[in-house]
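To start, the structure itself, in structure tokens.
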Amino acid sequence: MEDYKEKILKICNETCKGTLMETLDITYVDVGENFLVGKMPVTSKVFQPDGVLHGGAMVALAESVGSAASYIFLNAQEVTVRGLEISANHVKSIREGYVYAKAIIIHKGRTTQVWDIKLTDANDNLISICKLTTISLPKK
Numbered sequence: 001m002e003d004y005k006e007k008i009l010k011i012c013n014e015t016c017k018g019t020l021m022e023t024l025d026i027t028y029v030d031v032g033e034n035f036l037v038g039k040m041p042v043t044s045k046v047f048q049p050d051g052v053l054h055g056g057a058m059v060a061l062a063e064s065v066g067s068a069a070s071y072i073f074l075n076a077q078e079v080t081v082r083g084l085e086i087s088a089n090h091v092k093s094i095r096e097g098y099v100y101a102k103a104i105i106i107h108k109g110r111t112t113q114v115w116d117i118k119l120t121d122a123n124d125n126l127i128s129i130c131k132l133t134t135i136s137l138p139k140k
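Here the sequence shown stands for residues 1 to 140, numbered as in full-length UniProt numbering.
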């Protein structure tokens, strides 16, 4: 199981090259039976003007992790995954360290999926709660 886990994480991280995920330094760090975890460093690159993590950067992290999870847990050879809607409730500020996003599937339908994505700091304090809806479209 550990080899399989490392293989999935390696593939996820390799697909980030040249994308927004690379720009934001997002890396995938854990995967399990029904979840994927990514992390992003909290630096001035992702701050809003008053020196705290920008909500848009948190949403980008959440959607990146949720979308990557869709590819892992759906048949990515046959479908293309796209985000339909994302909502976020930011409950705490963070100024340093890392923010972690854990995507867990709530609904795995044939066409649509709903993901619960909690963002936490290194001490497991809740920073933001996001819900992502994705759609699976057949590849042509």
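Heads up, the beta-carbon is just placed ideally off N, CA and C, and yes, glycines get one too. Please read these numbers as outputs of a predicted model, since none were measured by experiment.
Handout entry: Identity of the residues DSSP links to LYS131 by a beta bridge
Key = SER87, ASP116
Problem - Opposing strand residues paired with LEU36 [DSSP bridges] - result: VAL31, ALA103
Practice task
Please classify LEU61: does DSSP put it in a helix, a strand, or coil?
Solution key: If DSSP states are grouped into helix, strand and coil, LEU61 belongs with the helices.
Exercise for the section: Please state whether DSSP places THR23 in a helix, a strand or coil. Expected result: helix
Practice task
May I ask you to report which of helix, strand or coil DSSP gives SER136?
Solution key: In the three-state reduction of the DSSP assignment, SER136 falls in the strand class.
Practice task
For ILE26, count neighbouring Cβ atoms within 10 angstroms of its own Cβ and tell me buried if that reaches 16, exposed if not.
Solution key: buried
Exercise for the section: Look at the alpha carbon of THR15 and the alpha carbon of ILE106, and state the distance between them as a whole number of angstroms. Expected result: Per the coordinates, the alpha-carbon of THR15 lies some 25 Å from the alpha-carbon of ILE106.
Problem - GLY66 burial status per 10 Å Cβ neighbour count (16 or more: buried) - result: Label assigned to GLY66: buried.
Practice task
Could you spell out where the alpha helix (DSSP H) holding CYS12 opens and where it closes?
Solution key: 2–14
Exercise for the section: Confirm, please, whether the CB-CB distance from LYS102 to PHE35 is below 8 Å. Expected result: yes
Practice task
Pair every Cβ in the region 48–64 with every Cβ in the region 122–130, then say whether three or more of these pairs are closer than 8 Å.
Solution key: yes
Exercise for the section: Inspect the beta-carbon positions of ILE117 and ALA62 and report whether they are closer than 8 Å. Expected result: yes
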